[in-house]
Structures are given as structure tokens and as C-alpha cells.
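See below for the structure under consideration.
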Amino acid sequence: MQRIPCVLMRGGTSKGPVFLASDLPGSTQERDELLLAIMGSGHELEIDGIGGGSPQTSKVAIVSPSAHPDADVDYLFVQVMVSQRRVDTAPNCGNMLCAVGPFAVEQGLVPASGAVTRVRIRNLNTNTFVDSEVQTPGGKVRYEGDTAIDGVPGTAAPIKLTFLDAAGSKTGKLFPTGQVLDWFDDIPVTCIDMAMPMLIVEASRLSKRGDESPAELDADQDFLSRLEALRLRAGLAMGLGDVSDKVIPKPVLVSPPKAGGTLQVRYFMPSNCHRSLAITGSIGLATACVSEGSVISRMLGERLSPALEQVRLEHPSGSIEVALARTGADGKTIRAAVIRTARRLFSGEVYVPAVQRLAG
């Protein structure tokens with residue numbers, strides 16, 4: 001039986017253990033086997049581990065000091081599959097990213113500096129950089145506060161995340177196909193890579209309203225098969241190859257807003273509908289809102305302004321706001337920021353039995 005130092009944290013609307021890289025095996029294969037055992041992967045309830053039986057609660061963050069001059073810490077996100085004994089390190093996760101700043105300060109990786117401490121984070125999954133602003137009055141991380149985010153009960157201290165170079169996170173291009181709009185047979189789609197590679201399609205094109213609950217969408221197997229077929233085509237078109245065993249690109253249904261927001265969305269991970277919305281997904285969707293010719297701009301038309309600076313995205317649990325800023329000499333580089341919250345749930349040691357080898 002092994003004992004591994006562990007901190008369980010809620011980051012945004014996700015939850016999972018956060019580890020120091022130095023406490024895990026250096027071998028990728030051994031590390032992944034250990035994480036599968038820790039989380040209880042391979043069982044729908046993850047009953048023999050600390051995973052929560054849902055993609056949103058079967059996530060792992062691994063943090064280490066960074067050797068890069070533009071970062072304080074490195075962050076590797078690991079999506080641990082629930083029912084399959086498999087992990088995926090291709091995408092970033094913006095929700096678990098919320099937990100990295102507070103963790104880095106409390107572990108002594110970044111010294112607290114005044115009332116607010118900026119933690120410069122390099123995401124190893126995508127080799128992109130994010131600034132995290134953590135509340136640290138008196139030199140200690142403060143979790144209590146008045147900020148509420150939809151999908152999480154109560155309130156907490158705000159954490160501001162600014163994505164500095166999110167365009168082309170996995171493919172090297174904002175629009176990997178070379179076009180803002182593509183047609184897959186008779187269905188117009190936008191394939192975008194801004195913080196997260198995504199396939200964006202109007203809900204009505206797949207005979208959906210766009211305001212269905214996640215449970216309704218997850219129960220419609222014919223719809224899920226159609227959506228997966230589009231996702232596989234998008235993977236090839238975006239240069240990602242065969243994505244049948246990958247969680248990217250993420251498919252997203254969009255529809256006109258119903259609660260005064262900019263847009264209504266249903267985000268998939270990729271075979272289940274997210275109960276709220278991934279942070280990385282919100283960054284890409286907000287960018288698509290101000291990209292002329294995208295599925296979203298075509299759908300909303302005059303409702304959108306190319307100079308839009310604040311986007312509110314309606315999701316199943318409420319909404320999330322994304323602030324957009326244009327930088328660079330030509331003013332065309334888009335930088336996006338969101339306000340989220342996090343909480344330290346427990347710290348100690350997780351006990352791990354003899355690990356099994358990865359399937360396949």
C-alpha cells in the first residue's frame with residue numbers, strides 16, 4: 001500500500017486531487033497507472049478510489065516549479081476516464097486551473113505578495129500561459145468571499161484567470177481548417193482552437209432546441225451518434241487525426257439566448273453534456289462570437305457587435321461571463337479573462353493499492 005501526499009480541491013465547477021509532480025512517478029506509464037488506481041477508474045462510481053463517478057469530478061492537476069522564464073509553475077491536467085481505465089492529457093481544463101494558483105501559494109511554490117498574488121502558470125497540455133490572481137490578504141490564501149458562480153453553491157473569494165496566448169492551443173491555428181465556416185454535408189460548423197479545440201454547431205441543425213437538460217441530451221443515443229460523427233470529421237479536418245479515443249475536439253451546441261445573455265450553449269466532454277460549461281470552452285465560444293462568419297455570428301446576426309467586450313454564455317446551471325480585450329499592434333489579438341472561485345477541501349495522504357497496468 002502506497003501513501004501519496006494529496007490535496008483535494010474544487011476548481012470552478014470541477015473537483016479533483018492536486019499533486020506535486022515530485023510526489024508522483026517520473027515515468028508517464030507508472031504515473032498514469034497510479035492515477036487510475038487513486039481515482040478508482042474502470043467502475044462507473046469509481047467506488048474503490050476518490051473519483052466522483054463523473055467526468056467533472058474525475059480530474060487531476062499536477063503542479064511543479066517552472067523552468068520557463070515567463071511562468072512560476074507548470075500545470076499538467078489529467079482527465080481520468082470513469083468507466084474506462086484510461087487517461088487523457090491532450091486538453092487543458094480551465095476549471096481545475098482555478099485551483100492551481102491557491103495550491104502553488106500554499107505549497108510555497110510562489111510567495112504571497114500583498115493582498116492579491118499573481119501566479120504565472122504554464123499549461124503543459126497546450127504549452128500556453130495563464131495569469132491567475134489569487135486573494136492573499138496577510139500573506140495567506142483567502143477562500144471566503146462574496147463571489148458566486150453558477151453551478152457551485154454559496155460564495156467564495158474571486159480568482160481571475162487571464163488566458164494570454166490561447167489561440168491555436170493544440171493545432172497552432174485559431175481556425176485549424178483555414179476557414180471560419182465549414183460545411184459537413186448540409187451542416188455548417190465552426191472548428192475553432194482557442195484554449196480548447198471545439199466543433200461548434202447550431203442546435204437546430206441537429207433537431208434540438210438548445211435548451212434541453214444534460215440528462216435529456218445524454219439519453220438521446222441517435223443524437224449522440226450524429227454528434228460524434230460530426231466530431232470525428234472535425235478531428236480530421238482540424239489536423240488532429242482519428243479522435244475516436246480522444247476527448248478533443250469538444251462538440252458544442254449553440255442557440256439564441258433565453259435569459260438575456262449573449263448565447264445559449266450545451267458543451268459536451270465529448271460524449272456527455274457538461275452540467276455547466278468548461279472555462280476553456282467559454283474562452284473559445286466568446287472568441288467565436290466576435291469572429292465574423294462563424295456559426296455563432298451567422299446565427300445571431302445583428303444581435304452581436306464585432307467590438308463586443310463582454311460575453312455572457314448561458315449554460316444548464318446558469319451563466320458565465322467572459323471579458324474580451326484586443327491587443328497587439330493591429331488590435332486583432334484577442335485576450336480573454338474570467339472570474340472563478342476555488343476551495344481547498346482536504347489535505348493529507350491518499351492510500352493506493354498495488355496498481356494495475358493500463359488496459360491495452
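Residue numbers (the UniProt record's numbering): 1 to 360.
Backbone N, C-alpha and C fix where the C-beta goes; we use that ideal spot for every residue, glycine too.
| request: Could I get the ranges of all uninterrupted beta strand (DSSP E) runs contained in the region 255-300, with 3 residues as the minimum, in chain order? | output: 263-267
| Nearest-angstrom Cβ-Cβ length linking T136 and L240, presumed shorter than 8 angstroms | T136 to L240, Cβ: 39 angstroms. No contact.
| query | Of the choices Q221, A278, L227, D218, whose alpha-carbon is the least far from that of S204? | reply | L227
| Is L97 helix, strand or coil by DSSP? | helix
| Rounded separation between E44 and P257 - CA only | 34 angstroms
| field | Nearest residue (CA-CA) to D185, options L174, V201, G178, P176 | value | V201
| Within the region 313-342, ranges of the beta strand (DSSP E) (whole runs, at least 3 residues) | 318-327, 333-340
| task | Return the residue from the list A67, G16, G52, V152 that minimises the CA-CA distance to F77. | result | G16
| said: Assess contact between the region 185-198 and the region 278-298, defined as three or more Cβ pairs (one per stretch) separated by less than 8 angstroms. Is contact present? | reply: yes
| field | First and last residue of the uninterrupted alpha helix (DSSP H) at D218 | value | 214-219
| task | Could you tell me which residues DSSP pairs with Q84 in its beta bridges? | result | Partner(s): none; Q84 has no beta bridge.
| request: For the beta strand (DSSP E) holding L20, just list the boundary residues, first then last. | output: 14-20
| query | Since V252 contacts V265 with CB under 8 angstroms, what's their CB separation in whole angstroms? | reply | 6 angstroms
| said: Within a Cβ cutoff of 7 angstroms, which residues of the same chain sit near G360, ignoring the five residues on either side of it in sequence? | reply: Per-residue confidence for G360 stands at a pLDDT of 42, beneath the threshold of 50, marking its modelled position as unreliable; the derived number appears in the next sentence. Nothing meets the Cβ criterion.
| CB-CB under 7 angstroms to G51, same chain, minus the five flanking residues each way: which ones, in chain order? | M39, G40, S41, T57, S58, V80, V82
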